[in-house]
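Q: Residue numbers (UniProt numbering): 1 to 292. Dumping the structure here so I can ask a few things about it.
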Ligand SMILES: C[C@@](CO)(OP(=O)(O)O)[C@H](O)COP(=O)(O)OP(=O)(O)OC[C@H]1O[C@@H](n2ccc(N)nc2=O)[C@H](O)[C@@H]1O
Ligand SMILES: Nc1ncnc2c1ncn2[C@@H]1O[C@H](COP(=O)(O)OP(=O)(O)O)[C@@H](O)[C@H]1O
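Next up, the structure:
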């Protein structure tokens, strides 16, 4: 039975990788990365109903099995820490494309961890939640900590950054790209390590996005372009209007804009088979902002 219909909407924003360098292959099969994450003020929305029957259930169907649903898996990881028989029913409005490189699944999982830590009154720190979340995906820690960041390791070694927060256009090609397939492509080669980008507390200057973009590129982009013509076509089309880049392992493509209006105009003119949105870059996750 429902004991607390929490009326809040819990946001799960998208992330973009402003650049992404693959610096080596690890013994566990994963690759070490150097990347910069920024959030977008666009994403999924979750709602939670706390129950007293101990069950973890969902009210949406995104086409994947209960066992592989990152939201349910996140809730199940916290369940052993609940001392009474609390459960939860999770509802979600899904806006982020799956397999798009916008981190939707990881962001949903992070929001579940943050929400249930509060609603189940578990009292875990963000570091504890990020450690738990890393089991679900390499992008979960950045969403749990909630700061735009320079990231190393597989994305869990985070240094907060203060970046300019421009408007972005994001285009969604009509494909879902498998992260595992791209990382196992035979053309992927490791590149030398970059120097660490300075931390938030080492300077007051806001880092300019164009400068940041010029420091590196997305080394998965040429591989995805070669394998997925749909992604290549979108990059070529947007390339006529500026300097687009792929996020993560693709296939979504983003471009920093001079204004929101520029993005809305491009969105109106975009190729017919492509979806997209215009959103503002954000250095602070909305759930961290609401805590402040
Ligand atoms: C590439 C990034 C960059 O932010 O973003 P997305 O494109 O997923 O959004 C992430 O590192 C993606 O992390 P995540 O989404 O958790 O990856 P997973 O689903 O766990 O990875 C699927 C498979 O890709 C390979 N993989 C993934 C990440 C990594 N750093 N090295 C890898 O080799 C592994 O073979 C893994 O089994
Ligand atoms: N709640 C969830 N939301 C999105 N994807 C999920 C979820 N649970 C499991 N997945 C799986 O994770 C994969 C990666 O999703 P997502 O994080 O949205 O994309 P990406 O890693 O490319 O940014 C999906 O293709 C899907 O199979």
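Ideal placement from N, C-alpha and C gives every residue a C-beta, glycine not left out.
Any idea if residue 219 is buried or exposed, counting beta-carbon neighbours within 10 angstroms, 16 or more meaning buried?
A: Under the 10 Å beta carbon count, residue 219 is surrounded by 16 or more other beta carbons and is classified as buried.
Q: Output needed for residue 103: all residues of its chain with C-beta closer than 6 Å, excluding positions within five of it in sequence on either side, in chain order.
A: Around residue 103, the same chain offers 15 and 139 as residues with beta carbons nearer than 6 Å, after the five sequence neighbours per side are excluded.
Q: Here's a check: name, in chain order, each residue in its chain whose Cβ is nearer than 7 Å to the Cβ of residue 187, leaving out the five neighbours to either side.
A: 223
Q: State the beta-bridge partners of residue 95 as determined by DSSP.
A: The partner list for residue 95 (beta bridge, DSSP) is empty, contrary to what the question assumes.
Q: Helix, strand or coil for residue 144? Go by DSSP, reduced to three states.
A: helix
Q: Note down, one range per segment and in chain order, each beta strand (DSSP E) of at least 3 residues found wholly within the stretch 109–165.
A: 149–152 and 157–160
Q: Count the other CB atoms within 10 Å of the CB of residue 243; is the residue buried (16 or more) or exposed (fewer)?
A: exposed
Q: Whose C-beta lies closer than 6 Å to the C-beta of residue 120 among residues of the same chain, with five residues either side of it excluded?
A: 82 and 86
Q: Looking at the unbroken beta strand (DSSP E) that takes in residue 256, where does it start and where does it end?
A: 253–256
Q: Use the C-beta contact count for residue 185: other C-beta atoms within 10 angstroms, 16 or more gives buried, fewer gives exposed.
A: exposed
Q: Is the stretch 142–160 touching the stretch 246–253 in the sense that three or more CB pairs, one from each, lie closer than 8 Å?
A: no
Q: Going by beta-carbon coordinates alone, are residue 277 and residue 170 separated by less than 8 Å?
A: yes
Q: Less than 7 Å between the CB of residue 125 and some heavy atom of ligand 2, yes or no?
A: no
Q: Does the Cβ-Cβ distance between residue 95 and residue 59 come in under 8 Å?
A: no
Q: According to DSSP, is residue 19 helix, strand or coil?
A: strand
Q: Kindly indicate the opening and closing residues of the alpha helix (DSSP H) around residue 180.
A: 179–183
Q: Cα-Cα, which of 118, 36 and 181 is closest to residue 8?
A: 118
Q: If you draw a straight line from the C-alpha of residue 272 to the C-alpha of residue 183, how long is it?
A: Straight-line spacing of the CA atoms in residue 272 and residue 183 works out to 30 Å.
Q: Could you check what DSSP says for residue 218 in three-state terms: helix, strand or coil?
A: strand
Q: Rounded to whole angstroms, what is the Cα-Cα separation between residue 123 and residue 133?
A: 16 Å
Q: Where residue 221 and residue 35 are concerned, what is the direct C-alpha to C-alpha distance, given to the nearest angstrom?
A: The straight-line gap separating the alpha-carbon atoms of residue 221 and residue 35 is approximately 14 Å.
Q: Going by the DSSP bridge assignment, what does residue 167 pair with across the sheet?
A: 280
Q: Would you list the one or two residues that DSSP bridges to residue 12?
A: 44
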